[in-house]
Amino acid sequence: MRLLTHNMLSSNIKGVINGFPLRIEVEKVVEKQVDFNPDFLKNMFSKIDWKALADASKIMGYAELPEEVPDASVLDSDEFLQKFHHALLELHLEEGALVCPETGRRFPVNKGIPNMLLHEDEV
Amino acid sequence: MSSRPELQAPPEIFYDDVEARKYTSSSRIVGIQAELSERALELLALPDDDIPRLLLDIGCGSGLSGETISENGHQWIGLDISRSMLDIALERETEGDLILGDMGQGLGLRPGVIDGAISISAVQWLCNADKSCHEPRLRLKAFFGSLYRCLGRGARAVFQLYPENNAQRELILSFAMRAGFAGGVVIDYPHSSKKRKEYLVLTCGPPSMSTTTPSAKGVDENSCSDDDNSEDEENQTVCISDRHRPRKKQKVTKKGKTRSWVLQKKEKMRSKGNVVPPDTKYTARKRKARF
Ligand SMILES: C[S@@+](CC[C@H](N)C(=O)[O-])C[C@H]1O[C@@H](n2cnc3c(N)ncnc32)[C@H](O)[C@@H]1O
């Protein structure tokens, strides 16, 4: 699972009001190279929750993103786009867990696939 | 034995390791999935600007449909309830991210972040009650409601499906409309029992030019009809977008609901066995506009 997906996912447990962002427990991170596409990044930028991305990226061992939400003018900087690209699309949480920020419920991640299936009493 | 997999076992049981393996080793299935996905993407009508979009593949299974999305240059997130199917997707090294999840429990995604969704032969599974805790209506409601929220305004969702009968199609459609979607059903090659394919094309947001249902393929090919006693309706594009009203508007008509209308409605709900507050002198009284 890439941080792109982590940035979109939230805990869906019944009664949870703010299930975002899911806390990441890292056991294993892998990096996979992805073609660089600035158009995609520019299009995604406004939808990204920046703090969640910067924090997640740090936890995954990549601390190059600015902590503060950057101004959209950074999208003209190739250096910025490269870092954004790497954090968003090339870091995979391979083993570990996603944890609901409100209830502490753990969603295990195996072979890169988070198990978001809810138990009967969580629906 | 029924030929409909939906009637044989729940999806996470039906699509076990054996079935999942069969799925991608059959060149016939691989070909059909690619064709259906290609058409679904076409019906999504994404802007023709070469910008990769973030799409959802609901019931992504072994990733065959996802591969079509990747080939078209887009990023995707796939959701499926069968771990066996997702393991095949891993094996095939599909490019999208995979999530093990049940669409009937609702999609846990932030609002407005997804540019479009496709689903190939999956949504009809929601109409089954596979567990005692399953109530198809609630699951359809959770699914469409959460899908509507996570899509950006004006974004589309296209579902290729095999409804069991007209009632099932109506059921699925009615929950999509209730969630706020506009759109309708596109039936390609309606006169051919083999090539006939059905797509639910939904648009997020109030009706506009972009919500009119696209036209179907192969509608005029009466000559190649290989199925004369087809029980299907004649009109191929069942457009229902004009039936749609944005949810909020539905509640407040210009004059407001009359007391008699409200009383009638409450009586009807009571007769259905619902818990309805008692009628009092306050029922449907005029209220000041407050903001
Ligand atoms: C006909 S297969 C489609 C496969 C997929 N398009 C592919 O390319 O492999 C239908 C898929 O829907 C999935 N499915 C059925 N019910 C589901 C549910 N409630 N939530 C998520 N996926 C579901 C099944 O597990 C199965 O993989």
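Those protein sequence lines, which keep their order, are chains A and B.
Just so you know, we're using full-length UniProt numbering here: the first sequence kicks off at 1 and counts up by one.
Just so you know, we're using full-length UniProt numbering here: the second sequence kicks off at 1 and counts up by one.
Note that CB positions come from ideal geometry on N, CA and C, so glycine has one too.
| Query | Result |
| --- | --- |
| Exposed unless 16 or more other CB atoms sit within 10 angstroms - verdict on V186 (chain B) | buried |
| Proximity below 8 Å, CB of I114 (chain B) to CB of L56 (chain B) | yes |
| Identified DSSP bridge partners for P108 (chain A) | A:A97 |
| Among B:A142, B:G66, B:N274 and B:L79, the one whose alpha carbon lies nearest that of E95 (chain B) | B:G66 |
| C-beta contact flag for E90 (chain A) and Q33 (chain A) at 8 Å | yes |
| 8 Å Cβ cutoff met for F144 (chain B) and Y199 (chain B) | no |
| Q33 (chain B) beta carbon near ligand 1 (any heavy atom closer than 7 Å) | yes |
| Burial state of V123 (chain B) (16 or more Cβ within 10 Å) | buried |
| Cutoff 7 Å; reference N7 (chain A); Cβ partners in own chain excluding five residues on either side | I48, D49, A52 and L53 |
| Span separating the alpha-carbon of G78 (chain B) from that of A284 (chain B) | 46 Å |
| CA-to-CA distance, V123 (chain A) to L75 (chain A), given in whole angstroms | 40 Å |
| Under the three-state DSSP convention, the category A9 (chain B) falls into | coil |
| Check whether Q75 (chain B) and L54 (chain B) have beta carbons under 8 Å apart | yes |
| Cβ pair count under 8 Å reaching 3, the segment 111 to 119 of chain A against the segment 8 to 25 of chain A | yes |
| CB-CB length for A97 (chain A) against E25 (chain A), believed under 8 Å | 4 Å |
| Selected residue, minimal CA-CA separation from G61 (chain B), among B:G154, B:V201, B:P47 and B:Y23 | B:Y23 |
| I172 (chain B) and C127 (chain B) closer than 8 Å at C-beta | yes |
| Environment of V109 (chain A) [buried if 16+ CB atoms lie within 10 Å] | buried |
| Residue range of the beta strand (DSSP E) that includes R23 (chain A) | R23 to E31 |
| As assigned by DSSP and simplified to three states, the class of D115 (chain B) | strand |
| Selection from B:R21, B:I99 and B:D87 that minimises the alpha carbon distance to M1 (chain A) | B:I99 |
| Inter-residue CB distance, G184 (chain B) and V201 (chain B) (contact presumed, cutoff 8 Å) | 7 Å |
| Proximal chain A residues relative to C133 (chain B), where beta-carbon distance stays under 8 Å | E120 and V123 |
| Below-8 Å beta-carbon distance, G63 (chain B) vs any chain A residue | no |
| Residues of its chain near F45 (chain A), where Cβ-Cβ distance is below 8 Å and the 5 sequence neighbours each way are ignored | A72, L75 and F84 |
| Partner residues on chain B for M44 (chain A), Cβ-Cβ distance less than 7 Å | L54 |
| Chain A contacts from the segment 100 to 129 of chain B (Cβ-Cβ distance under 9 Å) | L100, G101, D102, G104, Q105, G106, L107, G108, L109, R110, G112, V113, I114 and D115 |
| Own chain residues within Cβ distance below 8 Å of E64 (chain A), not counting five before or after | S57, K83, H86 and A87 |
| Segment limits, beta strand (DSSP E) that includes W76 (chain B) | Q75 to D80 |
| Near ligand 1: Y199 (chain B) beta-carbon under 7 Å from a heavy atom | no |
| Beta strand (DSSP E) segment containing L202 (chain B), residue limits | K197 to T203 |
| Within-8 Å CB hit, P70 (chain A) to chain B | no |
| Three-state class that DSSP yields for L98 (chain B) in the structure shown | strand |
| At least 3 beta-carbon pairs within less than 8 Å: the segment 148 to 166 of chain B vs the segment 32 to 48 of chain B | yes |
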